[in-house]
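Protein chains in written order, with full-length UniProt numbering: chain A, 1 to 348; chain B, 1 to 173.
Here's the structure, in structure tokens; my notes come after.
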């Protein structure tokens, strides 16, 4: 793509998120979300492949529907209460509609169906931007509105963790697995949103770090299926040995840092007398753990039969910039002892 | 007066169902013309005469005309309208849905007046919509610049999406 156009589009993506972050007026928040949607469209269909174009169209339709619902909800709120402020939505219909619209925007179950198909049609870098940067602006809005109905957010959260677990079980395409993993993590974030919003932010940032490591590890191996990961031990042995830790961190196992958000969320849910819900959420994390384990089994724990020549490639110095991968992998593995500091930093 | 408002609002819903039920862009755009025209009427009754004029000129006379020309060049040779049963069934289904949801949520059609009272206690020199446009150009200057920049980015996005002439993203280009 023309570098000037790429610059303009990336700048517009930053601008959209910044506008939504800085806004207290619903119209401005909507504007930021629409700018984000528009600016990522050419990035998504860069390769001009029909599959990528299909993913772009699906993404545009779902995001436009969600933005239209957001606009309807904010106009209804302005009609009823006479003001456009984000934080002062006190009637249940606009607030519920806003929550559902933002759930469609980020891909929470049962509004998740677009996510695996869209991510499957994109290359890994664009999928990474979609999974991380595009979630920031809707979460900023979700953190600021007063939830109208306690059970709506809990149902969205629990359904997302379950769907993210069960949906990812039968996949061997890595991008779809990453999509279902995203859905499951978003479910965890929404579960605790109305009780302790700082934990939502903490889970979001931890998810960004973990999924960045995973996406970039897959990109370095240039693989989009589990089968193609099986020879990565001979090409990039260090990355192959680190990826199981990243995957187990995503699954939420102690002593890795992915345990931190799940632990704190379970503690908060128990404090709010929602212990059965906490148990269900913890059990649903087992489902996700299964497909994370399957990836690490195929990649690292097993050496697939292959010819001798393929098993001994020349390990030439690579041109890939792996410093961000190194940083985020270290953070993904070693951040658990800093839990009190991180919680204190992120308490809003 | 109320009959006029009834007529306008019913026409709005009919046009909305027409736009939603037609798979062909010709008939959907025709429904859109009807909806926009009636929407302008409703807007005038509510006091936004300037906004209604802008809607008519720019939306109908600019954007919809360009869309009609593009659709005439690019769309299907055998358009399906209300003459075919699936489309008519869809239209009736939407109308049924609207009527059922309407009766579910509304108390009565005759309890309150549908006419809007559009006056304040004192006499105003300018209407709300004209003053809003003027404010956009004065104290809302930063938002105007932001809007202009966003429209420019949209132009770049559309040009990038349609670049390539059938080797690119859209094979129909």
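C-beta atoms are modelled at their ideal positions from N, C-alpha and C, and glycine is treated no differently.
*asked:* What would DSSP say about residue 267 of chain A, mapped onto helix, strand or coil?
replied: helix
*So is residue 8 of chain A in contact with chain B if we call contact Cβ pairs under 8 Å?*
yes
*Exposure label - residue 58 of chain B; buried when at least 16 CB within 10 Å*: exposed
*Sort out for me which residues DSSP pairs residue 173 of chain A with in a bridge.*
According to DSSP, which records beta bridges pairwise, residue 173 of chain A is partnered with A:225.
*For residue 148 of chain B and residue 35 of chain A, the rounded distance between their alpha carbons*: 12 Å
*Determine the closest residue to residue 325 of chain A out of A:286, A:268, A:210, with distance taken between C-alpha atoms.*
Answer by Cα proximity: A:210.
_is_contact[residue 41 of chain A, chain B] using C-beta, thresh 8 Å_ = Closer than 8 Å: yes.
_Coarse secondary structure for residue 112 of chain A, derived from DSSP in three states_ = coil
*Residue-level contact to chain E via CB, residue 64 of chain A, 8 Å cutoff*: Looking for chain E here will not work: the only protein chains present are A and B.
_residue 313 of chain A classed as buried or exposed, judged by whether at least 16 other C-beta atoms fall within 10 angstroms_ = exposed
*For residue 276 of chain A, does the count of other Cβ atoms within 10 angstroms reach 16, so buried, or fall short, so exposed?*
Residue 276 of chain A is classed as exposed because its beta carbon has fewer than 16 other beta carbons within 10 Å across all chains shown.
*Within 10 angstroms of the Cβ of residue 249 of chain A, are there 16 or more other Cβ atoms? Answer buried if so, exposed if not.*
buried
*Which of helix, strand or coil DSSP assigns to residue 349 of chain A*: Given that chain A is displayed from residue 1 to residue 348, the structure contains no residue 349 of chain A and the question cannot be resolved.
*asked:* Can you give me the C-alpha to C-alpha distance between residue 74 of chain B and residue 29 of chain B, rounded to a whole angstrom?
replied: 14 Å
*asked:* If the criterion is Cβ atoms closer than 8 Å, does the pair residue 62 of chain A and residue 45 of chain A meet it?
replied: For residue 62 of chain A and residue 45 of chain A, no; Cβs fall outside 8 Å.
*If we ignore side chains and look at the alpha-carbon of each, how far apart do residue 27 of chain B and residue 161 of chain A end up?*
43 Å
*Are the C-beta of residue 161 of chain B and some C-beta of chain A separated by less than 8 Å?*
True, the Cβ-Cβ gap to chain A drops below 8 Å.
_So residue 12 of chain A contacts chain B; which residues on that side make the cut at Cβ distance below 7 Å?_
153
*Would you mind telling me which residues of chain A sit closer than 8 Å to residue 164 of chain B, beta carbon to beta carbon, in chain order?*
Those within 8 Å of residue 164 of chain B in chain A are 48.
*Taking residue 5 of chain A as the query, report the chain B residues whose CB atoms sit under 8 Å from its CB, ordered along the chain.*
156, 160
*Backbone CA spacing between residue 153 of chain A and residue 123 of chain A [nearest angstrom]*: Each residue's Cα considered, the two are about 31 Å apart.
*Just the chain B side, please: which residues come within less than 9 Å of residue 169 of chain A by C-beta, in chain order?*
Correct list: empty, because the minimum Cβ distance to chain B is about 34 Å.
*Is it true that the region 139 to 154 of chain A meets the region 87 to 104 of chain A, where meeting means three or more beta-carbon pairs spaced less than 8 Å apart?*
yes
_Proximity below 8 Å, CB of residue 256 of chain A to CB of residue 336 of chain A_ = Cβ distance < 8 Å, so residue 256 of chain A and residue 336 of chain A count as in contact.
*Residues of chain B with a CB under 8 Å from the CB of residue 35 of chain A: which are they?*
150, 153
*Mind checking whether residue 304 of chain A and residue 241 of chain A have CB atoms under 8 Å apart?*
no
*For residue 77 of chain A, the three-state DSSP class (helix, strand or coil)*: helix
*May I have the straight-line CA-CA distance separating residue 103 of chain B from residue 86 of chain A, to the nearest angstrom?*
Their Cα atoms are separated by approximately 31 Å.
*asked:* By DSSP's criteria, residue 22 of chain B is part of a beta bridge. Which residues make up the other side?
replied: The partner list for residue 22 of chain B (beta bridge, DSSP) is empty, contrary to what the question assumes.
*Looking at residue 115 of chain A and the ligand SAH, is the gap between the Cβ and the nearest heavy atom below 7 Å?*
As presented, the structure is devoid of all ligands, the ligand SAH included, so that no description of it is given.
_Per-residue DSSP class, three states only, for residue 306 of chain A_ = In the structure shown, residue 306 of chain A sits in coil (DSSP, three-state: anything other than H, G, I, E or B).
*Quick one: what does DSSP say residue 85 of chain A is sitting in, helix, strand or coil?*
strand
*Skipping 5 residues on each side, what residues in its chain have a beta carbon closer than 7 Å to that of residue 169 of chain A?*
287, 290, 291
*Compile a chain-ordered list of the residues in the region 115 to 139 of chain A whose CB is closer than 7 Å to at least one CB of chain B.*
none
*Would you decide whether residue 318 of chain A is buried or exposed? Buried here means 16 or more other CB atoms lie within 10 Å of its CB.*
exposed
_Our contact map puts residue 251 of chain A next to residue 285 of chain A with C-beta atoms below 8 Å; I'd like the distance itself, whole angstroms only._
Correct: roughly 7 Å between the Cβ atoms.
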